[in-house]
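Since the structure comes first, as structure tokens, the remarks are kept for the end.
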Amino acid sequence: MAEIPGLAQNLFESADIDTDGTELELMPYTLEPFLVPESHAFGKCRLVTDFEKLTYLGEGAYGSVFKCKDRKYDTIVALKKLRIKYEDEPLARNFMREITIMKELQHDNVATLIGIAVGRNFASTYLILEYCPYELSKVIDDEVAKPLILHPEIKCIMIQLLYGLDYIHHHNVLHRDLTVCNILFTYMGILKICDFGCARFEEFGTEAMTPNMVTRWYRAPELLFGDTKYSSAIDIWSAGCIFAELLLKTALFKANTDSNLISMFIEILGTPTEETWPGFKELPLLKSYDLSEQRYNKLPLKFTDEPTSCIALLHKIFVYNPSKRFSAEQCLAHPYFTDAPTACNLETLLVLLKKPEEI
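Here the UniProt record's numbering is used: the first residue of the sequence shown is 1, the next is one more, and so on.
Now the structure itself:
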């Protein structure tokens, strides 16, 4: 299986600080957690006044994220302020699910939940997260960095992403919003999958799930056609879109509507059929779209300068039938990652991630 030089896989990278918040006792999916017991205020939850807000970082699913200084431990962290209305039970359940999932996942390539912080009157709730200074989307958009995104760097990034996904999926978690904006890096160049606001545990066919998930450019075809029994294959499709974006330096499926996105799928991958995707004709939203006939897979035409093994891996990811789509583990075992040139080490990757003034 593919490896990154100098990075021991499946070892949890400890947070820079150790807080009481790591021992937070999770409660059932009810509104009770928001009535925080007074005894927890200085024990299992931190006070937000312990933190100094430094910079606004952006929006995550269901919350705003800030770079902050932890006054107590003199470290830099990220605080995600959760947009919660106590009377909005579905949103409250999402919040509790995000905490539960992040407490469950402990892996080098998954963002670390350090603890929980609350306002003095418990009216606001924050996730205390490890701070990661580098964002993949900004690297791809950086005109100086773009020429440096070569196959050794791409392999280093994708191997880490796939290791993280493999771990997440083996814990029966679906991320459901994997994009270049949700891929961050530490000061050491270690990739972190972040923002689990849309994540949930996989139901394995026992319960219908919301199909209107994942940012459009990274959305798998089964979601567009209304499948409510989808699997971890939706995250693999998103990872494939990130892979393609690293190669092209722009999004592969840059659509502004769902209809436009389906047209792009057909133009590049051909029209799905019952033969290539059993059960396709029964998908709930199929009749909402007028599908054109296009019999050929033109994916190689989008990647004419890439090696054969690279295109072969893309073919294994961009498969309409979710059950035939490669898993993260299968992707990691693909020859692309062992063919020369092999993945660069983290020190080399940092040259790509850092801004010129940091080098």
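Where a beta carbon is used, it is the ideal one built from N, C-alpha and C, also for glycine. Being a predicted model, the structure only gives us computed values, none of them experimental.
Item: Do Ser327 and Asp227 count as a contact pair if the criterion is CB distance below 9 Å?; Value: no
Item: Could you give the DSSP three-state label for Arg46: helix, strand or coil?; Value: strand
Item: Going by CA-CA distance only, name the one from Leu350, Glu222, Thr308 that's closest to Val214.; Value: Glu222
Item: State the CB to CB distance for the pair Ile128 and Val77, rounded to an integer number of angstroms; the pair is presumed to be in contact (CB under 8 Å).; Value: 6 Å
Item: When you compare only the Cα positions, how much space is there between Ile183 and Ala312?; Value: 24 Å
Item: Taking Pro211 as the reference, give the member of Gly189, Phe185, Arg176 with the closest Cα.; Value: Arg176
Item: Taking the continuous beta strand (DSSP E) assigned at Asp235, which residues delimit it?; Value: That residue, Asp235, is in no beta strand (DSSP E); its alpha helix (DSSP H) goes 233-248.
Item: Taking the continuous alpha helix (DSSP H) assigned at residue 361, which residues delimit it?; Value: This structure cannot speak to residue 361, because the chain is shown only from 1 to 359.
Item: With contact counted as at least three CB pairs below 8 Å, one residue from each stretch, are the region 256-263 and the region 193-201 in contact?; Value: no
Item: Compute the Euclidean distance between the alpha carbons of Ala111 and Ile268, then round it to the nearest angstrom.; Value: 34 Å
Item: Ile4 lies in the beta strand (DSSP E); which residues open and close that run?; Value: Unbroken run through Ile4: none, as it is neither H nor E.
Item: Three-state secondary structure (DSSP) at Cys68?; Value: strand
Item: Could you pull out every residue in the same chain whose Cβ sits closer than 7 Å to the Cβ of Ile266, ignoring the five residues on either side in sequence?; Value: Leu291, Ser292, Gln294
Item: When the Cα atoms are used, what is the spatial distance from Ile159 to Leu285?; Value: 34 Å
Item: How far does the alpha helix (DSSP H) with Val214 in it reach, from first residue to last?; Value: No alpha helix (DSSP H) holds Val214; DSSP gives it neither H nor E.
Item: Please look up how many angstroms separate the CB atoms of Gly60 and Asp195, rounded, as I've assumed it's under 8 Å.; Value: 4 Å
Item: Going by the beta-carbon positions, is the gap between Leu57 and Gly189 smaller than 9 Å?; Value: no
Item: Among Asp235, His171, Cys132, Trp217, which residue has its Cα nearest to the Cα of Thr192?; Value: Note that residue 192 corresponds to Lys in the displayed sequence, not to Thr. The shortest Cα separation from Lys192 among Asp235, His171, Cys132, Trp217 belongs to Cys132.
Item: Three-state secondary structure (DSSP) at Glu52?; Value: strand
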